[in-house]
Structure formats: structure tokens, C-alpha cells
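K.L.:
Per mature numbering (1 follows the signal peptide of the UniProt record, and there is no 0): the sequence shown = residues -21 to -1, 1 to 472.
Yeah, the Cβ is synthetic: ideal placement off N, Cα and C, and Gly gets one too.
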Amino acid sequence: MRSAAALIGALAPAVLAGTQAKNVIYIVPDGYGQASQTMARDYVSLLETSTTPRNPNIFELAADDMTRGLVRTHASDNLITDSASSGTAFACGYKTYNNAVSVLEDGKTPVASILEAAKLAGMKTGLVVTSTIFHATPAVYAAHAAHRNSYADIAAQEIGYTHPLGPVVDVLLGGGRCLFKPRSAAGSCRSDNVDLFGFAEENGYHVMQDRDAFDGLQKGLGDIRIPFIGLFNDDQMKYEIDRKIDQDEPSLVEMVETAVNALHRATHCKEQGYFLMVEASRIDHAGHANDPAAHLHDTIMYNDVMGFVRDWIDDHPDTVMMSAADHECGGLTLNGFNPLGLKDTRRSGEHIERVWRNRPAGVDPRAFLVSEILPEMGLAGATNAQINTIVSSSNPAREVLALLSARAGVHWSSGGHTASDVTLFGYAAGDKADAFKAELAGNFDNTELPRIVEKILGGAVDLDAATERLRANGTNWVSKRGLEQRSVSDHWH
């Protein structure tokens, strides 16, 4: 097996000569596998061309044309990784145990992320996600914790409240606003009165908590400049299938466009550029839920983001993009497959579960299911036997999703992660394109990816030096909560 150092040593001359860039955008389609892309591609193709599975006219989605290689994902303690361990690998370049957030296997010793190293080199930085901003993937870039579930501690580090380097992220967009409010504020989920939004404002951040405030950024081209933080849901942001109906949160591609514009405005006349991490977070959550329509539409949104970034790079060739999932989720397979079975589905299982749970008292459950739930899921033609199975279940939403999956020929082997390799995508324009394509061809360990980014960004960005800076502050600031749980992967989301 090639070591990261050996690989980077071999690549360094080519990288420095061929694809050294001012800016890097790294995109994580959490929980996405090759079958996810196939389902999305076939669905969009059949829908757009009005063809059938027996007579298909299939075209590429944005990500298809940027396929470059494969990435191995195992953790230090398990062949099946979680997002924290894999995230630490592709943010920091170290293997660690499942649940660890940018710490070594002792659960105490921090290792710096490529975002922190970029910030120390004078670059601007951003995190844009559809999960809570303190979820595992964004956490590994700006926090250090023994256990990923230390959400309050992670949030405090991400905004700089307890991070030894102070605020290291200039743009934060996603969900999770309840942990940024003091306990005394409406909608808070903190156990103390720490006010992270207030701290952010004191440190020059513009704070946003709803769609209207986000729109005030005018796609990052208005009067409001970085730094800014926008959290648009107390919990995770909505699945795309629900968001595009409700229109009360920005989409992932809208947030990415805003972040890229704002970061570009702040750096285009300067020597140092920006590092932006984007996560299409909820592909993974839909895999855990075995929700085919939610998984499909969030995968399509990921492709929309990839298309936007590709077009941006064509116009700004000083920027390159890399993208790889942290792991596959759900063990998705397509057998007897007809994705058009999902075309009339308007809502996620998460949404209908909430509707079912909050149905009016006294209403007939069967009648409510038939009138309010099944039509929204594209299952108005369910048989009496299928309806009876759903109504009698202890988890009706799960039965609805199982019926929907069966109708589309979508099969799940798991409600958790799998050990499959994931696809590595990359894109560069102009004279960087061919060299970058060649450099990303092959099968990589996930720890190799941040070292490639480090070389692309040039000598000023130094992961090892950034780690030394973190460790110079001791380890008391690292969140030790849950250290005794370090071998228990109890929250693989």
C-alpha cells in the first residue's frame, strides 16, 4: 500500500507545475455511492427524454464527466467508517477511530485540518452544509473532540469561542441554530446561557437565522461582506424534496453560489485565496432512512452543485475542485429498476412521519393515510393489503418507504454505512485540466486527499505546522466528552 507521503512525494512536481491553484473547493456528498449517481442519472434522463427503462435515452449528469478515481474509506478501528473518522482522514490526513473529530486515537491529541492550515496561511475559509453545522463532516474542519456527539462543544469551537486560534471559518451556512442561542432564548437547545450568535456578532460576523436574511446577501454580491454565519433550521436543513415545496430555506446550490461569490470578492485582489468545504449532507440521512426519493433528490442537488462549480471554475481557472464521499450509506442496489416509480413522490419519509404523528385527534388512521399520506408519496394506487400493512405497523413511515422502494426497484442492504470504495471527482480548467485529471487517477486512501490539497495550494499551507500551532496550546481545550465511548459507533449519521 502506498503511504500518503510516498504518493505526495511522487506527485509534488506535477502538482506544483500543473495544478497549483489559488483556491480549492472540496465537496462531500455524504453517504453517496455509485448506485446513487446511477439512480439520479437514469431518473433525470428518463424524465427529460420521455423514454422508458426498456428504451432509454441516458445522458450524463454534472458529476459523471468529472470522475477521476476511487477512495478507500476504512477507519482505524473498523472496516466500516463513520463520518467523523472518515472526515478526519480527508480533512487532516490521519486515520482515527469512529466518532473521533480531528483527534488521534488517544482521543485527546488534536490534528489540524486543511481549513485551519489555510486560515493560518492567510486564506479565507468556508463551510456550507445541509446538516447541522456542528455535525461530523463540518466539525472535523474547525473543531477537535473525542466524540462527535459533543455538539455544544463543537459549535463553540467552530465559531471560535473556545478554539485556540479564534474564529477560523469566515463563512458558515447550514442548520443547527438552536445550539448557537443561549438557553434563555426561544428555540434554544443549549443547557447553558452561552450565546454563540452574540459572540459571532462581537467578532464581526453578520448573523442570519432565516431565508429572508439569507436573501439579503444578494448571492454574496450585496453590501454584506464576510465573515457571516447563516443557520436556517434549528436541526438539520430540510431534504431537497421538501425544501423545494416549502421554499423557506435556501437550497445547497444557492448557498454555494453565495459563499463562492463572497469568498471571491474578499480574495480576488489578494495573493491568498480561499478554501471552501461543501457537504451535500442529507444524501446520507436518506440512506439511513432507506428513503429512495429523498436520496434521489439530494443526489440531483449534489449534481447541480457540481455543475455550478464546474462553470465557476471555467470562468475562474485559478480554482480547482475535488469531491469524494466519506462513505456509502444504505447498501443501495438497483434490481428490477424503474426510477420513474418515484416521479410522483412529493415528500420525504421524514415529512410524512411528522404529518402522521401530528394528525388530528379522533381522525380515522386509515382514512388519513389514504387521503393525506399516500398521494404525497406517489402511492395513491396502494392495494388494500398494502394499506392494512402500513396502518397496522408500529412504524408506518418505514412501511411507506419500503413500498416506495419496491415500486421503483430500489433495494437497501443496510440502514447504516458500508465499506465500499467511493468515487473521487475532480475538475480544473485551462492549462491545469489535463495534469489534474492525471493526478487524481487511481485508488487513494482517504488520508491522501488533504495532502494533495495542501500541495495544490502551495508551500504556505502547511498541515504539519498548523498541527504544531494547535498542540502548542495544550489539550485542555479539546472536548473530552464521551472519551469513554470512543469504541462505540452509536451515531453514524
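Let me know if Val342 comes out buried or exposed under the rule of 16 or more other beta-carbons within 10 Å of its beta-carbon.
P.N.:
Counting Cβ neighbours within 10 Å, Val342 comes out exposed, since fewer than 16 surround it.
K.L.:
For Asn455, count neighbouring C-beta atoms within 10 Å of its own C-beta (all shown protein chains included) and say buried if the count is 16 or more, exposed if not.
P.N.:
With fewer than 16 Cβ atoms within 10 Å of its Cβ, Asn455 is classed as exposed.
K.L.:
With H, G and I counted as helix, E and B as strand and the rest as coil, what does DSSP make of His396?
P.N.:
His396 falls in the strand class under three-state DSSP.
K.L.:
Taking the runs of the beta strand (DSSP E) that are 3 residues or longer, which of them lie wholly in the region 26 to 86?
P.N.:
Those beta strand (DSSP E) runs which fall completely within the region 26 to 86 and span 3+ residues are 46 to 51.
K.L.:
Do you know offhand how far Thr104's Cα is from Leu242's?
P.N.:
Roughly 8 Å separates the two Cα atoms.
K.L.:
DSSP on Ser163, reduced to helix/strand/coil?
P.N.:
Reduced to three states, the DSSP call for Ser163 is coil.
K.L.:
Give the DSSP-derived three-state secondary structure of Ser302 in the structure shown.
P.N.:
Ser302 falls in the strand class under three-state DSSP.
K.L.:
Assuming contact is defined by CB atoms lying nearer than 8 Å, are Tyr406 and Asn2 in contact in what I supplied?
P.N.:
No, these two residues do not count as a Cβ contact at 8 Å.
K.L.:
Using only the alpha-carbon positions, how far apart do Leu(-15) and Ala42 sit?
P.N.:
Because the pLDDT of Leu(-15) is 47, which lies under 50, any placement of that residue in the model is unreliable, and the question is left without a value.
K.L.:
Short of 8 Å in beta carbon distance, which residues of its chain neighbour Ser(-19), apart from the five on each side in sequence? Order them along the chain.
P.N.:
Reliability of the predicted coordinates at Ser(-19) is poor, the pLDDT of 46 falling under 50, and the value obtained from them is presented with this limitation in mind. Within the same chain, Ser(-19) has no close Cβ partners at all.
K.L.:
Pull up the distance between the alpha-carbon of Val457 and that of Glu180, whole angstroms please.
P.N.:
Straight-line Cα distance between these residues: approximately 24 Å.
K.L.:
Taking the beta carbon of Ala451 as the centre, do at least 16 other beta carbons fall within 10 Å, making it buried, or is it exposed?
P.N.:
Exposed, since its Cβ has fewer than 16 Cβ neighbours within 10 Å.
K.L.:
Beta-carbon within less than 6 Å of Met(-21)'s beta-carbon, same chain only, minus the 5 sequence neighbours each way: which residues are those?
P.N.:
Note that Met(-21) scores a pLDDT of 41, beneath 50, so its modelled location is shaky; the value from the coordinates is reported in the next line. Once the five neighbours on either side are set aside, Met(-21) has no close Cβ partner at all.
K.L.:
Can you check whether the CB of Ser110 is closer than 8 Å to the CB of Gly154?
P.N.:
Cβ distance < 8 Å, so Gly154 and Ser110 count as in contact.
K.L.:
Give the secondary structure of Trp456 by DSSP, where H, G and I count as helix, E and B as strand, and everything else as coil.
P.N.:
Trp456 falls in the coil class under three-state DSSP.
K.L.:
Go ahead and pull the three-state DSSP assignment for Ser350.
P.N.:
Reduced to three states, the DSSP call for Ser350 is helix.
K.L.:
In this structure, does DSSP put Asp221 in helix, strand or coil?
P.N.:
Helix, per DSSP.
K.L.:
So for Asn374, helix, strand or coil by DSSP?
P.N.:
In this structure, Asn374 counts as coil in the three-state DSSP scheme.
K.L.:
I need the straight-line Cα distance from Val235 to Met285, nearest angstrom please.
P.N.:
Answer to the nearest angstrom: the Cα atoms are 10 Å apart.
K.L.:
State the start and end residues of the unbroken beta strand (DSSP E) segment that holds Asp424.
P.N.:
First-last of the beta strand (DSSP E) with Asp424: Gly421 to Asp424.
K.L.:
Please return the same chain residues whose Cβ sits closer than 7 Å to the Cβ of residue 480, not counting the five positions on each side in sequence.
P.N.:
The first residue shown for the chain is -21 and the last is 472, placing residue 480 beyond what the model contains.
K.L.:
Going by C-alpha to C-alpha distance, which of Asn36, Lys98 and Gly145 sits closest to Asp433?
P.N.:
The sequence given here has Glu at residue 433, not Asp. Glu433 has its Cα closest to that of Lys98, out of Asn36, Lys98 and Gly145.
K.L.:
From the DSSP output, read off the bridge partner residues of Pro89.
P.N.:
Beta-bridge pairing links Pro89 to Val82.
K.L.:
In whole angstroms, give me the CA-to-CA distance for Thr52 and Val7.
P.N.:
Taking the straight line from one Cα to the other gives about 13 Å.
K.L.:
If you draw a straight line from the C-alpha of Asp293 to the C-alpha of Val107, how long is it?
P.N.:
Roughly 21 Å between the two C-alpha positions.
K.L.:
Leaving out five residues on either side along the sequence, give the residues of the same chain with a beta carbon under 7 Å from the beta carbon of Pro161.
P.N.:
Within the same chain, Pro161 has close Cβ partners Ser167, Arg169, Asn172, Val173 and Asp174.
K.L.:
Just tell me which of Asp225, Ala387 and Ser302 has its CA closest to the CA of His274.
P.N.:
Per the Cα distances, Ala387.
K.L.:
If you drop the 5 nearest sequence neighbours on each side, which residues of the same chain put their C-beta closer than 6 Å to that of Val467?
P.N.:
For Val467, the pLDDT reaches just 41, beneath the cut-off of 50, and the residue's location in the model is therefore unreliable, although a value from the coordinates is still provided. Excluding positions up to five away in sequence, the list is empty.
K.L.:
Rounded to a whole number of angstroms, what is the C-alpha to C-alpha distance between Asp469 and Ser15?
P.N.:
With a pLDDT of only 43 at Asp469, under 50, the local geometry of the prediction cannot be trusted, and no value is derived from it.
K.L.:
Where Ser384 and Pro206 are concerned, what is the direct C-alpha to C-alpha distance, given to the nearest angstrom?
P.N.:
Distance between the alpha carbons of Ser384 and Pro206: 43 Å.
K.L.:
Could you name the residues that DSSP lists as bridge partners for Met187?
P.N.:
According to DSSP, which records beta bridges pairwise, Met187 is partnered with Gly209.
K.L.:
Could you pull out every residue in the same chain whose Cβ sits closer than 7 Å to the Cβ of Pro429, ignoring the five residues on either side in sequence?
P.N.:
If we look at Pro429 and ignore the five residues flanking it on each side, its Cβ neighbours are Phe69, Ala70, Cys71, Gly72, Ile93 and Leu442.
K.L.:
Consider the C-beta atom of Asp174 and the heavy atoms of the ligand NAD; say whether any pair is separated by less than 7 Å.
P.N.:
In terms of ligand content, the structure shown is empty, and the ligand NAD therefore cannot be addressed.
K.L.:
Please state whether DSSP places Ala364 in a helix, a strand or coil.
P.N.:
Residue state, collapsed to three classes: helix.
K.L.:
Which value, in whole angstroms, describes the spacing of the CA atoms of Asp214 and Asn374?
P.N.:
If I take the Cα positions, the gap works out to 22 Å.
K.L.:
What does the alpha-carbon distance come out to for the pair Met187 and Arg345?
P.N.:
When rounded, the distance between both Cα atoms is 42 Å.
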